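Participant: If you read the sequence shown in the working numbering, its first letter stands for residue 1, the second for the next number, and so on.
Encoded as structure tokens, here's the structure I'll be asking about.
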Amino acid sequence: MTRRLVGVSNRTAAGGPKAGGLAVALWDALVQRKGLWFGWSGEVNEQLRRGVELFEEEGVEFAVTDLTDKEHDGYYLGYANRSLWPVLHYRVDLANFDEEEYSCYRDVNRRFAKLLFPRLRDDDLVWIHDYHFFPMAQDLRDLGWTGKTGFFLHVPFPPPEIFKSVPNHRALTMGMCASDVIGFQTVSDRDNFAKYCVSELKAEQASPELLQLNGREIRIRAYPIGIDAKEFERIAEEEEARNATEMINPFLGDSRALILGVDRMDYSKGIPNRFQAVGRLLDNEPELHGKIAYTQIAPPSREKVEEYQELREQLDTLAGRINGDYGDLDWIPIRYLARSYGREQLAGLYRLARVALVTPLHDGMNLVAKEFVAAQNPEDPGVLVLSQFAGAAEQLKDGALLVNPHDIANMADTIGEALSMPLSERKRRFEKLSASVFGQDIAWWRETFLADLDPTIDAAETIAAH
Ligand code: ADP
Numbered sequence: 001m002t003r004r005l006v007g008v009s010n011r012t013a014a015g016g017p018k019a020g021g022l023a024v025a026l027w028d029a030l031v032q033r034k035g036l037w038f039g040w041s042g043e044v045n046e047q048l049r050r051g052v053e054l055f056e057e058e059g060v061e062f063a064v065t066d067l068t069d070k071e072h073d074g075y076y077l078g079y080a081n082r083s084l085w086p087v088l089h090y091r092v093d094l095a096n097f098d099e100e101e102y103s104c105y106r107d108v109n110r111r112f113a114k115l116l117f118p119r120l121r122d123d124d125l126v127w128i129h130d131y132h133f134f135p136m137a138q139d140l141r142d143l144g145w146t147g148k149t150g151f152f153l154h155v156p157f158p159p160p161e162i163f164k165s166v167p168n169h170r171a172l173t174m175g176m177c178a179s180d181v182i183g184f185q186t187v188s189d190r191d192n193f194a195k196y197c198v199s200e201l202k203a204e205q206a207s208p209e210l211l212q213l214n215g216r217e218i219r220i221r222a223y224p225i226g227i228d229a230k231e232f233e234r235i236a237e238e239e240e241a242r243n244a245t246e247m248i249n250p251f252l253g254d255s256r257a258l259i260l261g262v263d264r265m266d267y268s269k270g271i272p273n274r275f276q277a278v279g280r281l282l283d284n285e286p287e288l289h290g291k292i293a294y295t296q297i298a299p300p301s302r303e304k305v306e307e308y309q310e311l312r313e314q315l316d317t318l319a320g321r322i323n324g325d326y327g328d329l330d331w332i333p334i335r336y337l338a339r340s341y342g343r344e345q346l347a348g349l350y351r352l353a354r355v356a357l358v359t360p361l362h363d364g365m366n367l368v369a370k371e372f373v374a375a376q377n378p379e380d381p382g383v384l385v386l387s388q389f390a391g392a393a394e395q396l397k398d399g400a401l402l403v404n405p406h407d408i409a410n411m412a413d414t415i416g417e418a419l420s421m422p423l424s425e426r427k428r429r430f431e432k433l434s435a436s437v438f439g440q441d442i443a444w445w446r447e448t449f450l451a452d453l454d455p456t457i458d459a460a461e462t463i464a465a466h
């Protein structure tokens, strides 16, 4: 008898499209196991109108709760997005630590745990996701929960010297350590966490993947999240994908190479550095004028947070300046579109692109890099220019051209190299990239994690049956 899976995440996929890594992964697992998904409803109210709303979609049970205005400001926009997000992305300079916001974050974790606990059965597998819920495993234990509990961190875990700048860092990491399995995107994140636990919590590290703390064993391991690569490959060949490429064709003309960037507008994505690198390339190589078409798709996110408004202004200015300096009557070097597109349209653009620029300053994984690979035509694949600081670099380093996003001159040269790469080398690199993206896909990620949480699961068998 398979044990029920209980997924916990800030956002659930209730009622919406099952797109994005986490939503796809959890959704499939919960459908298979007839599981329960617990999280925020997405609604904000002046006062809490109700505890939990229960409903079912395609056999998956949902239990969601609203946030009050105060909780939304303090826990979500405040502590999660203005304290934890910047620190976890190595930007202590942008972090804003506020004791009241922290206390609100703690209260929300406790309140959520209290709502979830009565719904748990002894043999459930609880799988908590991301930095919104660092303390939740401990909060559940405090209520008497003794069952199997896993935690997965979707974003980076920085070196201890950086994480220690969070005023309440010990409470957060002790909370995580109430789990049985803690997953990270990369080996480097896992090692940072282990180092932190040994030095700050006085944990023993029995092996690279095993911590001992207060008489308990905690398995720590890298499980790089993947995408549904076959599905992405399929949609890249569909009509809707082709329509997007037809729309962009007039911009490409007969001979322009498409350089593509697709990111949520976030300071961790390094978009300004990328704009500068393209400007530098045009400065270095006038023969490329009129020959490249850089399209950057970047829908604004977290617009209520000041740093995000500043980024928006910075991008507007930079794109305007580069277009002003290098553009011509019949050519605009940078097309910068501050909006989002459907998955089909993105897939079509990925397939058409000669070069993808995925150059975050820090990123947990970066799924865009993997989507780009999955969408390629194997007979004429594009080139992935990838930041060494994206989690994806650990898996994709042999096939991608790695760059340091702070090194604008090198990035400009590397984009030039990507543009002139011969077909034989593009194919050779693509084989390496696709072996990783298709081999370690979303089902692999999910089942590897769950098999560590519940040893009765045979990961290989479940992936094959998928
Ligand atoms: P993050 O989770 O930090 O936003 P990822 O690269 O891991 O970064 O995941 C981003 C997801 O959002 C991908 O699935 C990508 O296709 C999607 N996405 C990013 N930018 C856009 C956009 N402009 N329009 C539509 N989807 C987007």
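Just so it is clear, CB atoms sit at the ideal spot from N, CA and C, and this is done for glycine as well.
No experiment lies behind these values; they were computed from the predicted model shown.
Does the Cβ of A244 lie closer than 7 Å to at least one heavy atom of the ligand ADP?
Facilitator: By one-based count along the sequence shown, residue 244 stands at place 244. No, Cβ of A244 sits at least 7 Å from all heavy atoms of the ligand ADP.
Participant: If we require 4 or more residues per run, which alpha helix (DSSP H) segments fall completely within the stretch 157 to 213?
Facilitator: Counting whole runs of 4 or more residues, the stretch 157 to 213 contains the alpha helix (DSSP H) stretches 160 to 163, 169 to 176, 187 to 200.
Participant: What first and last residue would you give for the beta strand (DSSP E) that runs through F55?
Facilitator: The residue labelled residue 55 in the question sits at position 55 within the sequence shown. Unbroken beta strand (DSSP E) run through F55: 53 to 57.
Participant: Between the Cα of K427 and the Cα atoms of L401, D458, V383, which residue gives the shortest distance?
Facilitator: Indexing the sequence shown from 1 puts residue 427 at position 427. For the residues L401, D458, V383, the minimum Cα distance to K427 belongs to V383.
Participant: Suppose you measure from the CA of A418 to the CA of P159; what does that come to, to the nearest Å?
Facilitator: Against the sequence shown, residue 418 aligns to sequence position 418. Against the sequence shown, residue 159 aligns to sequence position 159. Going by the C-alpha atoms only, they are around 32 Å apart.
Participant: Pairs of beta-carbons, one from the stretch 218 to 234 and one from the stretch 20 to 27, closer than 8 Å: are there three or more?
Facilitator: Judged by Cβ distances under 8 Å, the stretch 218 to 234 makes contact with the stretch 20 to 27, as three or more pairs qualify.
Participant: Can you tell me the Cβ-Cβ gap for E101 and G74, rounded? I've got them flagged as a contact below 8 Å.
Facilitator: Here residue 101 corresponds to residue number 101 of the sequence shown, with the count starting at 1. Here residue 74 corresponds to residue number 74 of the sequence shown, with the count starting at 1. Sure, about 5 Å apart at Cβ, within 8 Å.
Participant: Give the straight-line distance between the Cα atoms of S387 and L54, rounded to the nearest whole angstrom.
Facilitator: Position 387 of the sequence shown holds residue 387. Position 54 of the sequence shown holds residue 54. Each residue's alpha carbon lies about 42 Å from the other.
Participant: Can you grab the Cα-Cα spacing for the pair R429 / A459, in whole Å?
Facilitator: The count along the sequence shown starts at 1 and reaches residue 429 at position 429. The count along the sequence shown starts at 1 and reaches residue 459 at position 459. Straight-line Cα distance between these residues: approximately 29 Å.
Participant: Measuring alpha carbon to alpha carbon, tell me which residue in K34, G59, Q212, G15 is nearest E43.
Facilitator: Translated into positions along the sequence shown, residue 43 becomes position 43. Of K34, G59, Q212, G15, the residue nearest in Cα terms is G15.
Participant: Can you tell me which residues form a DSSP beta bridge with D363?
Facilitator: Walking along the sequence shown from the start, residue 363 turns up at place 363. A390.
Participant: Any heavy atom of the ligand ADP closer than 7 Å to the CB of I297?
Facilitator: Here the question's residue 297 lines up with position 297 in the sequence shown. Yes, the Cβ of I297 comes within 7 Å of a heavy atom of the ligand ADP.
Participant: Which of helix, strand or coil does DSSP assign to M136?
Facilitator: Here residue 136 is taken as the residue at index 136 of the sequence shown, counted from 1. The answer is helix: DSSP assigns M136 an H, G or I state.
Participant: Helix, strand or coil: which one does DSSP assign to T462?
Facilitator: Stepping through the sequence shown from its first residue, residue 462 is reached at position 462. Helix, per DSSP.
Participant: Checking 8 Å against the spacing of the C-beta atoms, do E179 and A137 come in under that value?
Facilitator: Residue mapping note: residue 179 aligns to position 179 of the sequence shown, counting from 1. Residue mapping note: residue 137 aligns to position 137 of the sequence shown, counting from 1. Checking the sequence shown, residue 179 turns out to be Ser, not Glu. In this structure, A137 lies closer than 8 Å to S179 by Cβ.
Participant: Does the contact criterion of 3 or more C-beta pairs under 8 Å hold for the stretch 274 to 283 versus the stretch 317 to 333?
Facilitator: Output reads yes: the stretch 317 to 333 touches the stretch 274 to 283.
Participant: I believe F232 touches A347 by the beta-carbon criterion, under 8 Å. Please report the beta-carbon distance rounded to the nearest angstrom.
Facilitator: To locate residue 232, count along the sequence shown from 1; it is residue 232. To locate residue 347, count along the sequence shown from 1; it is residue 347. 6 Å between Cβ atoms; contact.
Participant: Distance, Cα to Cα, A338 vs R312?
Facilitator: Taking the sequence shown and counting its residues from 1, one reaches residue 338 at position 338. Taking the sequence shown and counting its residues from 1, one reaches residue 312 at position 312. So the two alpha carbons sit approximately 9 Å from each other.
Participant: Between the Cα of R11 and the Cα atoms of F112, F372, R256, W445, which residue gives the shortest distance?
Facilitator: Position 11 of the sequence shown holds residue 11. Among F112, F372, R256, W445, the Cα nearest to that of R11 belongs to F112.
Participant: Are there any heavy atoms of the ligand ADP lying less than 7 Å away from the beta-carbon of M176, as far as the coordinates show?
Facilitator: Sequence index remark: in the sequence shown, residue 176 carries index 176 (1-based). No, since every heavy atom of the ligand ADP falls outside the 7 Å radius drawn around the Cβ of M176.
Participant: Measure the CB-CB distance between P360 and L318 and report whether it falls below 8 Å.
Facilitator: Taking the sequence shown and counting its residues from 1, one reaches residue 360 at position 360. Taking the sequence shown and counting its residues from 1, one reaches residue 318 at position 318. No, Cβ-Cβ distance for P360 and L318 is not below 8 Å.
Participant: Give the range of the alpha helix (DSSP H) segment to which F470 is assigned.
Facilitator: Because residue 470 is not part of the residues shown, which for the chain are 1 to 466, the question remains open.
Participant: Give the straight-line distance between the Cα atoms of S469 and L88, rounded to the nearest whole angstrom.
Facilitator: A query on residue 469 cannot be resolved here, the shown segment of the chain reaching from 1 to 466 and no further.
Participant: Would you mind reading off the limits of the beta strand (DSSP E) that contains I457?
Facilitator: Walking along the sequence shown from the start, residue 457 turns up at place 457. That residue, I457, is in no beta strand (DSSP E); it is neither H nor E in DSSP.
Participant: Taking 7 Å as the cut-off, is the C-beta of E287 nearer than that to any heavy atom in the ligand ADP?
Facilitator: Sequence index remark: in the sequence shown, residue 287 carries index 287 (1-based). No - the ligand ADP has no heavy atom lying nearer than 7 Å to the Cβ of E287.
Participant: Kindly indicate which three-state DSSP category P286 falls into: helix, strand or coil?
Facilitator: As a first step, residue 286 must be located in the sequence shown, where it is residue number 286. If DSSP states are grouped into helix, strand and coil, P286 belongs with the helices.
Participant: Determine the contact status of L433 and G391, defining contact as a CB-CB distance below 8 Å.
Facilitator: Within the sequence shown, the letter at position 433 stands for residue 433. Within the sequence shown, the letter at position 391 stands for residue 391. Against a cut-off of 8 Å, the Cβ pair of G391 and L433 comes out as no contact.
Participant: If you draw a straight line from the alpha carbon of G20 to that of F372, how long is it in whole angstroms?
Facilitator: In the sequence shown, residue 20 corresponds to position 20, counting from 1. In the sequence shown, residue 372 corresponds to position 372, counting from 1. Distance between the alpha carbons of G20 and F372: 14 Å.
Participant: Would you decide whether K148 is buried or exposed? Buried here means 16 or more other CB atoms lie within 10 Å of its CB.
Facilitator: In the sequence shown, residue 148 corresponds to position 148, counting from 1. K148 comes out buried.
Participant: If we call anything under 8 Å between Cβ atoms a contact, is Y79 one with I162?
Facilitator: The count along the sequence shown starts at 1 and reaches residue 79 at position 79. The count along the sequence shown starts at 1 and reaches residue 162 at position 162. Against a cut-off of 8 Å, the Cβ pair of I162 and Y79 comes out as no contact.
Participant: Please give the ranges of any beta strand (DSSP E) in the stretch 304 to 376, keeping only runs that are unbroken, at least 3 residues long and fully inside the region.
Facilitator: Correct list: 334 to 337, 355 to 358.
Participant: The ligand ADP heavy atoms versus the CB of E307: any closer than 7 Å?
Facilitator: As a working note, residue 307 is residue 307 in the sequence shown. No; taking the cut-off as 7 Å, the Cβ of E307 has no heavy atom of the ligand ADP nearer than that.
Participant: Could you tell me how far apart the beta carbons of L352 and L258 are, in whole angstroms, since I believe they sit closer than 8 Å?
Facilitator: Here residue 352 is taken as the residue at index 352 of the sequence shown, counted from 1. Here residue 258 is taken as the residue at index 258 of the sequence shown, counted from 1. That pair is a contact at about 6 Å.
Participant: Do you know offhand how far V155's Cα is from L329's?
Facilitator: Numbered from 1 along the sequence shown, position 155 holds the residue referred to as residue 155. Numbered from 1 along the sequence shown, position 329 holds the residue referred to as residue 329. If you take the alpha carbons of V155 and L329, they lie about 43 Å apart.
Participant: Around the C-beta of G39, are 16 or more other C-beta atoms found within 10 angstroms, so that it is buried, or is it exposed?
Facilitator: Taking the first residue of the sequence shown as 1, we reach residue 39 at position 39. Per the 10 Å Cβ criterion, buried.
Participant: Given this structure, state the Cα-to-Cα distance separating A95 from P167, to the nearest angstrom.
Facilitator: Translated into the one-based positions of the sequence shown, residue 95 becomes position 95. Translated into the one-based positions of the sequence shown, residue 167 becomes position 167. Each residue's alpha carbon lies about 11 Å from the other.
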